[in-house]
Amino acid sequence: MSEKTTPIVDYSDLEFKQGSGVHIWDEVIYPWFVHAETLDAMSDFQVRHDDVYVISYPKSGTTWTQEIVSLINSNGEPDSVKDKHVEERVPHLEMSTAIPGTILYPRITAMPDDKPRLIKTHLPYQHMPKDFLVKKPKIVYIARNYKDVSVSGYSFLRMYKAYDDVGSWNDFCQGVLLKELTPYGPWTAHVLGWWQHRRDKNVLFLKYEDLKKDLRGGVIQIADFLGKPLSDEAIDKTVEHCSFKTMSRNPMTNFTGLDAFDHKVSSFMRKGGTGDWKNWYTVAQNEAMSKLIEERIQGSGLEFDYEPAI
Ligand code: PPS
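In C-alpha cells:
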C-alpha cells in the first residue's frame, strides 16, 4: 500500500456511495466488483517478467487495446482469437463478482507459464502489485480525453444492471464528475500517475485519439514495443480486426453476450470516437470541466485532443 498522502478530493461528499456500491481503499474510490481483499492481495501478487499489462482509466479504450495486444500476440491471426472472449484472453486483474469465490486474480496466478500472460487492469500506479517494480513487465497504458471518458462512463453505468439508477446527465456531471467522485479515483490522478512513468523502458503510453487517427501506426508501435514485429499482411489483418466497425460486430469484443448489461439502454461499443462529449456537456459544464482538468494537469506536459477527428 502506498504511503498516506493528503487526498486531493473531499470524499465526505460521496453521496452516491450507498446506492452504487463503491468503497474507499487507500484513499481511492473503488467499484463494488473490486474487493478490498483483492487490493490487499496485490502486495503479494507474483508478476512475471514476460507479462504484458494493458492499463487504463475505465472507458479509455481498454478493450480496443486488449484486442490489439491479443491479436499481435497471435501474430495477427484473427482465427486464433475468434472463439474466446477478450476478457478471457486478457483477464481483468482486480475483477471480482458479487458471488464469493469468483475473484479473478487466483486464476491469473494459476495461468500456465509457457507463454506470456496478457492482463488488463485499471489500477492506479500506486496500487499495482508491488512485484511489478521488481519484474518490470511490459505495460501498454492507454489514455483518453476525460470529456469523452466521462460520457462513455455515464452511458456504461446506465447500461450496467448492477448499478442503481445513475440519474440524469446533469446530476451526474454536477454531483459526481465535477466533484471527482468516480470509481478508480479522479481521472487526472490516474493519468498523471502513469504519465510520470511514460519514459520508463517498460511503459508505452498511448492516447486513444492518436490510435483513432492512425490505427495502423499504433498497431506497429505496439507490436515493436512488445518485441513482436508483424508482417505487412499481419498488420493489415490486425487493423481490420480491431477497427470499430469490426469490433462492434464481434460478440467476443462487443459484450452483447453478457447478461450484466442492458444493451437496450446503451451499447458497450457506443460511438467509438472523439468529440461525442459535445453532445452532452452544456457550455457551463464544459467550462467547469476544462478548468478542473487544467488545474490538475497544468505543467505536466500532458495534453489531449478534444475535437472530433476528421
Ligand atoms: S472498459 O469498460 O473500461 O473496459 O471500457 P473501455 O474499453 O476502456 O472503453 C470503451 C470505449 O472504447 C470504445 N472502443 C473503441 N473505439 C474505437 N475503436 C475501437 N475499435 C474501439 N473499441 C472500443 C468504445 O466504443 C467505448 O467508447 P464510447 O465513447 O462509449 O463509444
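With the first letter of the sequence shown counted as 1, position 12 gets the number 22 in this note's numbering; the numbers rise by one all the way through. Backbone N, C-alpha and C define an ideal beta-carbon position, used for all residues, glycine too. Values in this document were obtained by computation on a predicted structure and should not be read as measured data.
Per DSSP, the beta-bridge partners of residue 215 are 151.
Taking a 10 Å sphere around the C-beta of residue 295, we find 16 or more other C-beta atoms and assign the residue as buried. For residue 34 and residue 75, the gap between their C-alpha atoms comes out near 28 angstroms.
Exclusion of the five residues before and after residue 233 leaves 82, 239 and 240 as the residues of its chain whose Cβ lies within less than 6 angstroms of its Cβ. With three or more CB-CB distances shorter than 8 angstroms, the stretch 197 to 213 counts as touching the stretch 147 to 164.
For residue 318 against residue 282, the beta-carbon gap comes to about 12 angstroms, at or over 8 angstroms, which does not count as contact.
Below 8 angstroms, enough C-beta pairs join the stretch 121 to 132 and the stretch 63 to 79 to call them touching: three or more.
For residue 200, the enclosing alpha helix (DSSP H) begins and ends at 197 to 205. Distance from residue 236 to residue 228 at the Cβ level is roughly 12 angstroms; contact not present, criterion being Cβ atoms closer than 8 angstroms. With 16 or more other CB atoms across the displayed protein chains lying within 10 angstroms of its CB, residue 217 is buried. Classified as buried, residue 86 has 16 or more neighbouring CB atoms from the shown chains inside 10 Å of its CB. By DSSP's assignment, residue 40 forms a beta bridge with 33.
Proximity of the beta carbon of residue 70 to the ligand PPS is indicated: a heavy atom of the ligand is located closer than 6 angstroms. For the pair residue 55 and residue 139, the CB atoms are nearer than the 7 angstroms cut-off. Three or more pairs of CB atoms, one per stretch, sit closer than 8 angstroms, so the stretch 297 to 307 contacts the stretch 177 to 194. Rounded to whole angstroms, residue 250 and residue 122 show a C-alpha spacing of 30 angstroms. A direct Cα-to-Cα measurement between residue 118 and residue 196 gives close to 27 angstroms. Just measuring C-alpha positions, the residue of 247, 179, 172 and 183 sitting nearest residue 270 is 172.
Straight across, the Cα-Cα distance linking residue 273 with residue 288 is about 23 angstroms.
Residue 261 counts as exposed, since fewer than 16 other C-beta atoms from the protein chains shown sit within 10 angstroms of its C-beta.
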